[in-house]
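Engineer:
Chains as they are written, first to last, in the working numbering: chain R, 1 to 639; chain P, 1001 to 1398.
Set out below in structure tokens:
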């Protein structure tokens, strides 16, 4: 045992303590650095020397600096972070969407109800131009509110596209960086020590990619990490990274989708395969919530707008003319899928057209139409809102209120069409009737009970349900017995129809429906004639007013339908908030667990600081002792 | 378990922010008194509130129709009341004109007064409703509903009533043609008249129904015949002889045939003829007055014609007055019905606003107590945060 070995032992101790102090200080310095993992010095004994009386330790060696890492917790934190980001962005978007559907005074329900109410005022005084002007004002209110709701939805869509593009750009940048890091890590690892900072940076990159896009990571033996997205498409492999690109949905080019460009081959990532992450949350919002909102709005606008137009056509305006349309609606659309067969000029070969047959039966959904593989002349129709598959349809069939027309060239197997009966209705809703005199407030037919009638029957309502095939002409209804038997005579007293009246059921003939109160007696007469004073007739205004009570929107009244839309949006937001809260809590817990495992606790570092400071002091003391010994030895020798 | 310092700060700040958000929401709710500020606060409640709100709007609109209808019915009721008074005056004038001692000039004066009353009645019938329409406009009239032409008053509009609702009976006009032009003629069952060619001064009264079961509804001719020098009465039904055949004439004696009792008065001469026809709903108040006026204005009219005209006029006035009264009663009952509708609408409006309030209004007591809880919690969190974060081993390393 020599003083020199004592000196060298003290040096190793001092060196080790210094290394520990450095690492601890680094921990303290990086306590708030995102992604930083606590580091510690790994020490080992420096071996021993045999000198006959045993093995004497030669001090301590600093093996390496390691970082606290927990692969499992780290992956969990990334995965839960992905889910939280997806749910969080959906919640945020839905909260925006919720504002589109205002309740009470600011809502579409109110705007629609005001239209009906304005017609009730016209009914009170059909020739009053002020009351008529008020109707036009209400129509305009409704149209502009519908348009602005649609605009808000479209601006959400635009923001969404922007966000998706931004998200993809971020992922691409991060992926490029990660590829570089992979190379650096592989090189550094080759030098024998683990490059802790680089590993931390790479973990942080994975976390940031994961918050945009769900990823799978696989670590290779050379310490590089491969990143996979979607159905296993490679984003980063070793030192190579590939680009995610925004690409329009092949079934609906108004929607954004995501594709990956691997060596020039662009592969679409199906929305369902993207999993979690902010981009996935946005795409899901686009596919489910935004599309539904557009359809609900369109259904409401189509149902009401077309019903008002139809009613307008059944009445007479102040000039005695049949009413011209009140609203112009943007028509339904049938969009070919991007991969449908095309001709040499690049145009789609097959075409499909849809028209609205019954606005009251429209459903808030889009549909997919594909040729039926089993039968060439038939087509499979799927309602996208609930996935209902209709029995095979033929050219010209009417489903859910719209009629499908195929051709002239029929779709070939493999082609598909996206049918949008209502989606765009609100966007282009405009009031085309500008002259208040043009409102068809008058009933084209007027019924008068004969004064000599002996029964108690009075006219409850004479309704035009459809324009009569034979035009509006004078007729007389004559009851032929006390049980309600009647005959309908034309102007020349020739019988047109016979039948029997039963209370509560209107008498119908050629589009006209006559509802009676009281009981007719034999010989009673009711004359029906074209209205001679359209300025004073309010019959059609009453029909307009009565539309408020009719099931215009898939069997429910406009007010109820709008309340349902509110409830639907509310439930979605509520659900989104709950699941966002839930996944955020899960992610926070995963993050807390990870950081508990690998993060820096300042109290701990303080304790270590004291510990290592003492080690350092002790090592220094050792050197001092060695020096004292050496000095003592020297002085004894010099004597 | 170790706790990462950075994570602890982050988590605490997050939860403080969450508490702050909750308090801000509670405060918004308390400031505007609504439990539901956006549909997601309570989707079902929001939908219920929306439905109730829209029902309230509809009820308010219906109430406007009720008010309009009530205005029209009030006007109509008043107009019919005035018409009744005018008819009463006409009746009195007719009674006065029946005075046998009046000279033609005096009768002329009475006729002029009747003419005056007639134009007042016509003005009433054409009364506006104050909003550009006509009270008695029926189902529509572009100009006035009753046009005075040389051939009499003709309807200018369409009969019937304009209604203000397709579900409730709420008229905005009354059926003028039924009221002014369609009273039942005669005594309501049959109409008696003297032939214009009669030479005598005999006149027939309106007659009464003595046996409803025996009525036939046929046309009768009451003829004054000479039965072997005795002035007699024969009644023919549709040209065929009846039980009254050659009944000796005595002024004022009842002639009873087929359930009808008629009285012939004055001095008829042989060949005079009176007709009895079934009553029809075509009695036009203006035409009735015109008939009386025409006779009263005729200086050559003999007492029989005058008496017949006065008698027929009185009969018609009575029929018209009865008819008007019925119409007035109908307007009155309509007003009653509208009052009931009004009451019902008020109840429904209260219902709608109650449902809306129940669905979306805030329970203030509960809200305040919740808010105070939140406040206390927030305060405690702030304090404990400050206290805990102050503690660090570094403070003790000296």
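Built from N, CA and C at the ideal position, the CB exists for glycine as well.
(1) Roughly how many whole angstroms lie between the Cα atoms of residue 1200 of chain P and residue 1226 of chain P?
(2) Please decide whether residue 110 of chain R counts as near chain P, where near means a Cβ-Cβ distance under 8 Å.
(3) When DSSP labels each residue in this structure, what does residue 260 of chain R get in the three-state scheme?
(4) Which residues, taken in chain order from the segment 1040-1058 of chain P, show a beta carbon closer than 8 Å to some beta carbon of chain R?
(5) Is the Cβ of residue 1132 of chain P closer than 8 Å to any Cβ of chain R?
(6) Between which two residues does the beta strand (DSSP E) harbouring residue 1237 of chain P extend?
(7) Provide the residue span of the beta strand (DSSP E) that contains residue 1274 of chain P, from first to last.
(8) Check whether the segment 325-336 of chain R and the segment 452-464 of chain R touch, using three or more Cβ-Cβ pairs below 8 Å as the test.
(9) List the residues that DSSP assigns as beta-bridge partners of residue 249 of chain R.
(10) Please state whether the Cβ-Cβ distance between residue 429 of chain R and residue 327 of chain R is less than 8 Å.
(11) Can you tell which of R:572, R:276, R:599 has the C-alpha that lies nearest to the C-alpha of residue 167 of chain R?
(12) Output, in chain order, the set of chain R residues within a Cβ distance shorter than 7 Å of residue 1259 of chain P.
(13) How long is the line joining the alpha carbons of residue 1019 of chain P and residue 584 of chain R, rounded to whole angstroms?
(14) Check the DSSP bridge columns for residue 162 of chain R and list the partner residues they point to.
(15) Less than 8 Å between CB atoms is the rule here; does residue 1353 of chain P satisfy it with respect to chain R?
(16) Taking the straight line between their C-alpha atoms, what separation do you get for residue 391 of chain R and residue 140 of chain R?
(17) Compare the beta carbon distance of residue 598 of chain R and residue 27 of chain R with 8 Å and say whether it is the shorter of the two.
(18) Which of helix, strand or coil does DSSP assign to residue 415 of chain R?
(19) Considering only DSSP beta bridges, list what residue 40 of chain R is partnered with.
(20) Residues in its own chain within less than 6 Å of residue 108 of chain R by CB, not counting five upstream and five downstream?
(21) Any Cβ of chain R within less than 8 Å of the Cβ of residue 1001 of chain P?
(22) List, in chain order, every chain R residue whose beta-carbon is nearer than 8 Å to that of residue 1397 of chain P.
(23) Per DSSP, which one or two residues make a beta bridge with residue 1152 of chain P?
(24) Mind checking whether residue 245 of chain R and residue 175 of chain R have CB atoms under 8 Å apart?
(25) Looking at the C-beta of residue 1150 of chain P, does it have a partner C-beta in chain R at a distance below 8 Å?
(26) Measure the Cβ-Cβ separation of residue 1319 of chain P and residue 1283 of chain P and say whether it is below 8 Å.
(27) Three-state secondary structure (DSSP) at residue 1303 of chain P?
(28) Mapping the DSSP letters down to three states, classify residue 1291 of chain P as helix, strand or coil.
(29) Rounding to the nearest angstrom, what Cα-Cα distance links residue 1381 of chain P and residue 608 of chain R in this structure?
(30) Name the two residues that bound the continuous alpha helix (DSSP H) containing residue 502 of chain R.
(31) Is there contact between the segment 1274-1288 of chain P and the segment 1247-1254 of chain P, where contact requires at least three CB pairs shorter than 8 Å?
(32) CB residue 329 of chain R to CB residue 308 of chain R, shorter than 8 Å?
(33) Kindly indicate which residue of R:124, R:185, R:130, R:364 has the alpha-carbon position closest to the one of residue 1067 of chain P.
(34) Quick check: the Cα distance between residue 235 of chain R and residue 581 of chain R, rounded to an integer number of angstroms?
(35) Within a Cβ cutoff of 8 Å, which residues of the same chain sit near residue 1266 of chain P, ignoring the five residues on either side of it in sequence?
(36) Where do the N-terminal and C-terminal ends of the beta strand (DSSP E) with residue 48 of chain R fall, by residue?
Structural biologist: Looking at the atomic coordinates:
(1) 14 Å
(2) yes
(3) strand
(4) 1040, 1041, 1042, 1043, 1044, 1046, 1047, 1048, 1049, 1050, 1051, 1053, 1054, 1055, 1057, 1058
(5) yes
(6) 1230-1237
(7) 1273-1278
(8) no
(9) R:252
(10) yes
(11) R:276
(12) Those do not exist, as residue 1259 of chain P stays about 19 Å from chain R at its closest Cβ, beyond 7 Å.
(13) 16 Å
(14) Paired residues: none, contrary to the question.
(15) no
(16) 40 Å
(17) no
(18) coil
(19) R:66
(20) 145, 562
(21) yes
(22) 606, 609, 610
(23) P:1149
(24) no
(25) no
(26) yes
(27) helix
(28) helix
(29) 30 Å
(30) Element bounds for residue 502 of chain R: n/a, residue is neither H nor E.
(31) no
(32) no
(33) R:124
(34) 30 Å
(35) 1200, 1201, 1202, 1203, 1251, 1303, 1304, 1307
(36) 48-50
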